[in-house]
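Student:
Residue numbers (the working numbering): 90 to 257.
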């Protein structure tokens, strides 16, 4: 990298990168596409996230993966949607939200629907949310930020796991 600067004239930055030997023809033969596990339109995911940009990313990613998606910005609206749509397959909720956190939302959702699968997401580390008593060890969790490939894989893991019914 070379930087040239003169007072009153401005600055020029030149970046030199190594040349690709072999060209695009060789790379075209490589399998660059990564297969991601897809959802099913019969699988309905309720996304609960108080941050609008993150909620929109999650909704868009899950829709692109083939899931039907409902969205809520907090626990109260999530519970209303859950009651109105008894066929929701999975609750995908942020752990840290104002008013009611994701763990308490999941507890109430599972009280109403013991068969409901839950996947938590958080920008905090697993240690922080488990050791501070926010989540129990062994819960399903994906860290933020996540890629579409990561959420695709984690969704299938959670949805394909055997159902564990909880006592009401």
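We put the CB at the ideal spot given by N, CA and C, even for glycine.
Helix, strand or coil, according to DSSP, for residue 209 in the structure here?
Tutor: Three-state result, residue 209: strand.
Student: Which residue's Cα is closest to the Cα of residue 107: 183, 90, 100?
Tutor: Minimum Cα distance to residue 107 is reached at 90.
Student: Following the continuous alpha helix (DSSP H) through residue 233, name the residue where it begins and the one where it ends.
Tutor: Looking at the DSSP string, residue 233 is not in any alpha helix (DSSP H), and its letter there is neither H nor E.
Student: Using a Cβ-Cβ cut-off of 6 Å (strictly less than) and excluding sequence neighbours within five positions of residue 212, which residues of its own chain qualify?
Tutor: Only 233 meet the Cβ criterion.
Student: Kindly give me the distance between the Cβ atoms of residue 134 and residue 209, rounded to whole angstroms, as I take these residues to be in contact under 8 Å.
Tutor: Incorrect: roughly 13 Å between the Cβ atoms, too far for contact.
Student: Cβ of residue 75 within 8 Å of Cβ of residue 164?
Tutor: Nothing can be reported for residue 75, as the shown portion of the chain is limited to 90 through 257.
Student: Output the distance between the C-alpha atoms of residue 229 and residue 195, rounded to the nearest integer angstrom.
Tutor: Straight-line Cα distance between these residues: approximately 12 Å.
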